[in-house]
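Residue numbering for the sequence shown follows our numbering, beginning at 94 and increasing consecutively. Note that beta-carbon positions come from the ideal geometry of N, C-alpha and C, so glycine has one too. Reviewing the structure listed below.
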Amino acid sequence: MKKIALVGCGRISKRHIEAIKETPGVEIALVCDIIEERAKKTAAELNVPYVTDYRDIKGVDIVSVLTPSGNHPEHVAEIAESTDIPYIVCEKPLSLTVREAHEVFSRVDKAGKILLPVYQNRYNPLVIMLKELIDSGKLGKLHQFICNVIWNRNDAYFDIDWHGTRSLDGGVLYTQASHYVDMVHYFFGELVSAKGQGGLLRGLEVYDSVSSVMRFKSGVVGSLNATVSAYEKNYETEFTLIAEKGIIRLAGTNLNTIRHWNVENMEKPDMDFTLDHVYGRGHNTMYEFIAKEKWDEFPSREDILSGVHLMEKLSY
Ligand SMILES: NC(=O)c1ccc[n+]([C@@H]2O[C@H](COP(=O)([O-])OP(=O)(O)OC[C@H]3O[C@@H](n4cnc5c(N)ncnc54)[C@H](O)[C@@H]3O)[C@@H](O)[C@H]2O)c1
Numbered sequence: 094m095k096k097i098a099l100v101g102c103g104r105i106s107k108r109h110i111e112a113i114k115e116t117p118g119v120e121i122a123l124v125c126d127i128i129e130e131r132a133k134k135t136a137a138e139l140n141v142p143y144v145t146d147y148r149d150i151k152g153v154d155i156v157s158v159l160t161p162s163g164n165h166p167e168h169v170a171e172i173a174e175s176t177d178i179p180y181i182v183c184e185k186p187l188s189l190t191v192r193e194a195h196e197v198f199s200r201v202d203k204a205g206k207i208l209l210p211v212y213q214n215r216y217n218p219l220v221i222m223l224k225e226l227i228d229s230g231k232l233g234k235l236h237q238f239i240c241n242v243i244w245n246r247n248d249a250y251f252d253i254d255w256h257g258t259r260s261l262d263g264g265v266l267y268t269q270a271s272h273y274v275d276m277v278h279y280f281f282g283e284l285v286s287a288k289g290q291g292g293l294l295r296g297l298e299v300y301d302s303v304s305s306v307m308r309f310k311s312g313v314v315g316s317l318n319a320t321v322s323a324y325e326k327n328y329e330t331e332f333t334l335i336a337e338k339g340i341i342r343l344a345g346t347n348l349n350t351i352r353h354w355n356v357e358n359m360e361k362p363d364m365d366f367t368l369d370h371v372y373g374r375g376h377n378t379m380y381e382f383i384a385k386e387k388w389d390e391f392p393s394r395e396d397i398l399s400g401v402h403l404m405e406k407l408s409y
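The structure is reproduced here in structure tokens:
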């Protein structure tokens, strides 16, 4: 049984707790939050001990870092250096800058530990299917993609402490659309050039809307638009791939539906699914990999660093 400590008992910790409970071979052994009340409450619910300083974590196999985004590099590196825990899971995004991403890897390496970043959208069944189809070559030459993330976060959301800040949030691409920036990077690989134009229409320190274009080494060109300013509620996420031998559109709040399918010699797969959770079920898959010690299922360092590079290109 792998023992896990959670660092950060905020919103996303609920999804980690649920996923860990549902996964054989992993269990929560301890929780930590810098706000004692939060740590105490979560610990009481789970019947485990708590600490308020992650440097005091002992006796676990894995730590999952679920603190505000801009804190991830420092928290991951300090945990690697000050504890004896071999594996450190880090919620997305790993960092808000390429420089910090390199730095956290080098500090984790020096401490002899392993970093496991969360990329749960890669475990979405439709994303897996499309990635396999792209890699199989059955779509022929890939021409172009269009990805739109049309979501809503109301003003009350941005009143919450770190949301909308430059140092801890990073903006719509980092906090809301990061899985889709990662997805286009995962599908199309090495980048040649990219440019984003950001909108500061909500009076935040960071972009609430970004329109961006990019070209990959394979020749694929595409655009990604993301906003948190859709009227009243999340509208949808859509991803269209235009290729020599097919055109496919995935859609739904989290790409859970095949909206359009016209592919040479291939019937539309019957794979639409209903989301029973706003974050999807990808965290379960991640903890299954951990339980089974399938460390190779996590993205490589090169993969992560080049994804952070794309994010930075689109964001500044
Ligand atoms: N994978 C996903 O789909 C997904 C979804 C939501 C959030 N997230 C990510 O999860 C992270 C946390 O988001 P959230 O919404 O849970 O935030 P949150 O503010 O609700 O929770 C963060 C918690 O970390 C605690 N914390 C801060 N500094 C700490 C420290 N030094 N030691 C211990 N605890 C500390 C805070 O007190 C807070 O309780 C963010 O990076 C966010 O981008 C990922």
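- Of the other Cβ atoms in all chains shown, fewer than 16 fall within 10 Å of the Cβ of Tyr250; this residue is therefore exposed.
- Collapsing the DSSP output to three states places Asn318 in a strand.
- Counting the other Cβ atoms within 10 Å of the Cβ of Ser199 gives fewer than 16, which makes it exposed.
- Judged by the Cβ position, Gly103 qualifies as a neighbour of ligand 1 at the 8 Å threshold, a heavy atom of the ligand being closer than this.
- Inclusion of Thr268 in the 8 Å shell around ligand 1 follows from its C-beta lying nearer than that to a non-hydrogen atom of the ligand.
- The residue from Leu209, Ile340, Gln290 with its alpha-carbon nearest to that of His236 is Ile340.
- Minimum Cα-Cα distance from Phe366 among the listed residues Trp354, Ala344, Thr378 corresponds to Ala344.
- Secondary structure of Val306 (DSSP, three-state): strand.
- Taken atom to atom, the span from the alpha-carbon of Ser260 to that of Ser408 is near 14 Å.
- Cα atoms of Phe382 and Thr145: separation of roughly 28 Å, rounded to the nearest angstrom.
- His272 carries a helical assignment under DSSP once its states are collapsed to helix, strand and coil.
- A direct Cα-Cα distance of roughly 10 Å separates Gly315 from Phe281.
- Proximity to Ala98 across Thr330, Arg246, Thr346, Ile178 peaks at Ile178, based on C-alpha coordinates.
- Closer than 8 Å to some heavy atom of ligand 1: that does not describe the Cβ of Thr116.
- Within the region 237-298, the complete alpha helix (DSSP H) segments at least 4 residues long are 248-252, 265-268, 271-281, listed from N- to C-terminus.
- In this structure, the C-beta of Lys185 approaches ligand 1 to less than 8 Å from one of its heavy atoms.
- Beta-bridge pairing by DSSP links Asn355 to Ile340.
- Thr160 carries a coil assignment under DSSP once its states are collapsed to helix, strand and coil.
- Annotation: the continuous beta strand (DSSP E) that includes Leu123 extends over 119-125.
- Secondary-structure assignment with DSSP links Pro210 through a beta bridge to Cys183.
- Of all alpha-carbon atoms in Ala122, Leu187, Val277, Tyr180, the one lying nearest the alpha-carbon of Ile239 is that of Val277.
- Cβ-Cβ distances below 6 Å link Phe391 to Leu209 in the same chain, with the five nearest sequence neighbours on each side left out; the list follows chain order.
- Secondary structure at Tyr216: helix, using DSSP grouped into helix, strand and coil.
- The beta carbons of Glu184 and Gly101 sit closer together than 9 Å.
- Within a 10 Å sphere around the beta-carbon of Pro142 sit fewer than 16 other beta-carbons, which makes this residue exposed.
- For Ile207, the CB contacts under 8 Å within the same chain, skipping 5 residues up- and downstream, are Pro179, Tyr180, Ile181, Val201, Trp388 in chain order.
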